[in-house]
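Using our numbering, you'd call the opening residue of the sequence shown number 20 and step up by one each time.
Note that the Cβ used here is the ideal one computed from N, Cα and C, for glycine as well.
Since the structure is predicted, the reported quantities are computational estimates derived from the model, not experimental observations.
Presented below is the structure to which this report refers.
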Amino acid sequence: MEAPSSPASLVVVLLLGSLLLQARADDPYRFYTWNVTFGDIYPLGVKQEGILINGQFPGPQIDAVTNDNIIVNVFNNLPVPFLLSWQGIQQRRSSWQDGVYGTNCPIPPGGNFTYNMQFKDQIGSYYYFPSLLFHKAAGGYGAIRVLSRPRIPVPFDPPAGDFTILAGDWFKLNHTDLKGILDSGNDLPFPDGLLINGQGWNGNRFTVDQGKTYRFRVSNVGIATSVNIRIQGHSMLLVEVEGSHTMQSTYTSIDVHLGQSYSFLVTADQPPADYSIVVSTRFTTPVLTTAAILHYSSSNGAASVPPPPAPTVEIDFSLNQARSIRWNLTASGPRPNPQGSYHYGLVNTTRTIRLANSRATINGKLRYAVNGISFVPADTPLKVADFYSIPGVFTLGSMPDNPTGGGAYLQTSVMAANMRDYVEVVFENAENLVQSWHIDGYAFWVVGMDGGQWTPASRQGYNLRDAIARYTLQVYPQSWTAIYMPLDNVGMWNVRSESWARQYLGQQFYLRVYSPANSWRDENPIPKNALLCGRASGRRTRPL
């Protein structure tokens, strides 16, 4: 967005910019330098080309506190372009830092880019991942933990330890081979196994002391399947989902769908031994399973209790569990006021959007679509093209609000929306597979989900009091899921399937949230270090 040209308005903008910078300066800065390389990895016993960050797979963990400023200088030592995206980090007023191709020019081979982010008003469990090409199948991901500020109460006692589990499916084929399969118009094969923190069976050990309570943060970083996690002989007290404190309910196992994150407390209240932490795929044939070890510090060997049974294969078990997860209305979130002080269910929605996923064949090749449109990337990032008013890159409004019912076709689809609208979005899944959806830049309330076809009468069953606020949702087969979302974050935001083959083959689009104020109060200016490419090559960022 261009700075105003008149002297008076320029002074106002400069003063506002100075105040915004001062507000950020009051919060701590954390600096990271990451070198991205290819390296040999053997997660399932087969040599593969993996993406390493500072020589690590998974990459380094980011530990932060609400409102911290995070500066990550990424050096791309790959022979191909590269980007990192930040799952669940809302990038308030700054989709420039989102790290997907619709907002950022890729970091060229041998180049670097510095992400300048603030974890504004966020707490909880997140992760980062490589977003270009099919790099996500090669690793390059890592955990993000955002703790509450010291004076903000947390609705549970400080745990004795805080463990991260990055779980997900894995293929023995290299990421380039998987990409080639998709490029040729075919679907991926079934995954070969599951990983926990980049390791196979019993490759991780979490050591605990008897009688103490520990926090486990679990993210599904896979590309194809939902997973279930359970711990031999122990129950799990759910406390947080994707930045929201939950009502504290006890579970024997928890489903974690693609792209989702949960954290729960585990009390080491069993006889000292080694217990299995089991992760298995959900709704698949065959079922893949892997395990890590919950090791009591005084353990004398393996536990004698039976291994934890897998959940039933019926969808109803998972659906009912999802419905049981509720927002803790009295707990503080990132701010001292209770989460429930925002009465989302009392606000009238201004627009209803229905999004239907589908599988299609276009030009003889497999594609996936949203409302009949299969997304194709443009030659210039959409945010960059929008900023410079470059014509012909995309058509605003090319993603309709409702399923079209016609045949699928290719287009660079962008949905138009206005700042401060309050939208109802219904995700409709007529297919026989669980869908997982993510919206960059936002958290939203999951107000309803059920089987069958959504109709306006479905609203009668919405939870308008304590639905969980999160950033990634699931839609069960032949079912729908509805969310409420306030459009309070200006920018160009990716709405995508978390099934990475579906995302790669078109099940995504961009949501352009626009403010006519054209003010730095609503959106940060283009970064001085923004990379420019495509039709924006040779232009300047900003002179200030």
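If we ignore side chains and look at the alpha-carbon of each, how far apart do residue i and residue j end up?
{"i": "GLY262", "j": "GLY383", "result": "42 Å"}
{"i": "THR364", "j": "ASP46", "result": "Looking at the sequence provided, one finds Gly at residue 364 rather than Thr. Rounded to whole angstroms, GLY364 to ASP46 spans 33 Å at the Cα level."}
{"i": "ARG484", "j": "HIS362", "result": "7 Å"}
{"i": "TRP512", "j": "PRO326", "result": "43 Å"}
{"i": "PHE138", "j": "ASN88", "result": "7 Å"}
{"i": "TYR70", "j": "LEU192", "result": "According to the sequence as given, residue 70 is Ile; it is not Tyr. Taking the straight line from one Cα to the other gives about 14 Å."}
{"i": "GLN67", "j": "ASP188", "result": "15 Å"}
{"i": "ASN356", "j": "ARG554", "result": "46 Å"}
{"i": "TYR495", "j": "ARG561", "result": "46 Å"}
{"i": "THR244", "j": "ALA536", "result": "43 Å"}
{"i": "LEU452", "j": "HIS264", "result": "29 Å"}
{"i": "MET468", "j": "ILE90", "result": "38 Å"}
{"i": "PHE302", "j": "LEU374", "result": "23 Å"}
{"i": "PHE175", "j": "ILE296", "result": "23 Å"}
{"i": "THR369", "j": "ARG439", "result": "10 Å"}
{"i": "ILE487", "j": "VAL465", "result": "6 Å"}
{"i": "VAL444", "j": "VAL260", "result": "20 Å"}
{"i": "SER10", "j": "ALA321", "result": "Residue 10 is absent from the structure shown; the chain starts at 20 and stops at 563."}
{"i": "ILE215", "j": "GLY64", "result": "14 Å"}
{"i": "TRP456", "j": "VAL514", "result": "7 Å"}
{"i": "HIS276", "j": "GLY557", "result": "42 Å"}
{"i": "GLN267", "j": "ARG342", "result": "14 Å"}
{"i": "ASP541", "j": "THR286", "result": "44 Å"}
{"i": "ASN95", "j": "GLY158", "result": "15 Å"}
{"i": "LEU385", "j": "LEU207", "result": "11 Å"}
{"i": "GLU517", "j": "ARG559", "result": "34 Å"}
{"i": "SER432", "j": "PHE446", "result": "17 Å"}
{"i": "CYS124", "j": "ASN131", "result": "11 Å"}
{"i": "ALA329", "j": "ALA520", "result": "27 Å"}
{"i": "GLY613", "j": "GLY121", "result": "The requested residue 613 does not occur in the structure, where the chain is confined to residues 20 to 563."}
{"i": "CYS552", "j": "ALA397", "result": "11 Å"}
{"i": "TYR51", "j": "ARG489", "result": "27 Å"}
{"i": "ILE529", "j": "PHE101", "result": "Note on residue identity: the sequence assigns Tyr, not Ile, to residue 529. One C-alpha to the other measures close to 20 Å."}
{"i": "LEU256", "j": "TRP539", "result": "42 Å"}
{"i": "PRO127", "j": "VAL99", "result": "7 Å"}
{"i": "GLY416", "j": "VAL395", "result": "15 Å"}
Whole-angstrom Cβ separation of residue i and residue j, contact assumed at under 8 Å?
{"i": "ASN92", "j": "THR133", "result": "5 Å"}
{"i": "LEU213", "j": "THR331", "result": "About 19 Å separates the two Cβ atoms, so there is no contact after all."}
{"i": "TYR233", "j": "LEU284", "result": "7 Å"}
{"i": "ALA435", "j": "ARG531", "result": "6 Å"}
{"i": "GLN229", "j": "SER317", "result": "6 Å"}
{"i": "PRO353", "j": "ILE171", "result": "7 Å"}
{"i": "GLY161", "j": "GLY107", "result": "That pair is no contact at about 13 Å."}
{"i": "VAL3", "j": "THR300", "result": "The structure shown has nothing for residue 3, since the chain only spans 20 to 563."}
{"i": "TYR147", "j": "LEU103", "result": "5 Å"}
{"i": "THR491", "j": "GLY278", "result": "4 Å"}
{"i": "ASP288", "j": "HIS314", "result": "With a Cβ gap of about 15 Å, ASP288 and HIS314 do not count as contacting."}
{"i": "ARG112", "j": "ASN543", "result": "5 Å"}
Provide the residue(s) that pair with residue i in DSSP beta bridges, ordered along the chain.
{"i": "SER299", "result": "ASN247 and THR308"}
{"i": "TRP464", "result": "ALA488 and TYR503"}
{"i": "VAL1", "result": "Outside the displayed range of the chain (20 to 563) lies residue 1, so it cannot be described from this structure."}
{"i": "THR52", "result": "ASN92"}
{"i": "LYS139", "result": "BP columns for LYS139 are empty, so no partner."}
{"i": "VAL260", "result": "SER263 and TYR281"}
{"i": "TYR529", "result": "VAL433 and ASN513"}
{"i": "GLY69", "result": "GLY58"}
{"i": "VAL131", "result": "Before going on, a small fix: residue 131 reads as Asn here, not Val. Bridge partners of ASN131: PHE94."}
{"i": "HIS314", "result": "THR226 and ASP293"}
{"i": "TYR145", "result": "ILE163"}
{"i": "LEU103", "result": "PRO149"}
{"i": "SER272", "result": "ARG249"}
* Start-end ranges of the beta strand (DSSP E) lying completely within the segment 316-350, minimum 3 residues -> Listed in chain order, there is nothing to give.
* Asked: Counting Cβ pairs closer than 8 Å, one from the segment 74-92 and one from the segment 162-174, do we hit at least three?
  -> In short, these stretches touch, since the Cβ pair count reaches three.
* Do the segment 195-210 and the segment 218-233 meet, that is, are 3 or more Cβ pairs less than 8 Å apart? -> Between the segment 195-210 and the segment 218-233, the count of C-beta pairs closer than 8 Å stays below three; the two stretches do not touch.
* Asked: Which runs of the alpha helix (DSSP H) fall wholly inside the segment 213-257 and span at least 4 residues, in chain order?
  -> List check, alpha helix (DSSP H) in window: nothing returned.
* Asked: Is the segment 427-445 touching the segment 376-393, taking contact as three or more C-beta pairs under 8 Å?
  -> By the Cβ criterion, the segment 427-445 is in contact with the segment 376-393, since at least three pairs of Cβ atoms, one from each stretch, lie closer than 8 Å.
* To do: Would you be able to state if there are at least three C-beta pairs under 8 Å between the segment 113-124 and the segment 395-404?
  => Three or more beta-carbon pairs separated by less than 8 Å link the segment 395-404 to the segment 113-124, which places the two stretches in contact.
* Are the segment 448-464 and the segment 501-515 in contact at 8 Å, needing three or more beta carbon pairs? -> Touching, per the Cβ criterion.
* Runs of beta strand (DSSP E) lying entirely within the segment 168-221, each at least 3 residues, in chain order -> DSSP runs (the beta strand (DSSP E)) wholly in the segment 168-221: 180-189 and 212-215.
* Could you say if the segment 518-527 and the segment 474-494 meet the contact criterion of at least three C-beta pairs nearer than 8 Å? => No contact exists between the segment 518-527 and the segment 474-494.
* Could you tell me whether the segment 405-423 touches the segment 346-357, where touching means 3 or more Cβ pairs closer than 8 Å? => Between the segment 405-423 and the segment 346-357 there are fewer than three inter-stretch CB-CB distances shorter than 8 Å, so the stretches are not counted as touching.
* May I ask you to verify whether the segment 145-154 touches the segment 546-563, counting CB pairs closer than 8 Å and requiring at least 3? => They do not touch, by the three-pair rule.
* Asked: Which parts of the segment 349-434 are runs of the beta strand (DSSP E), unbroken and 3 residues or longer, counting only runs that do not cross its ends?
  -> The beta strand (DSSP E) runs of length 3 or more contained entirely in the segment 349-434 are, from start to end of the chain, 370-381, 384-389, 392-394 and 428-430.
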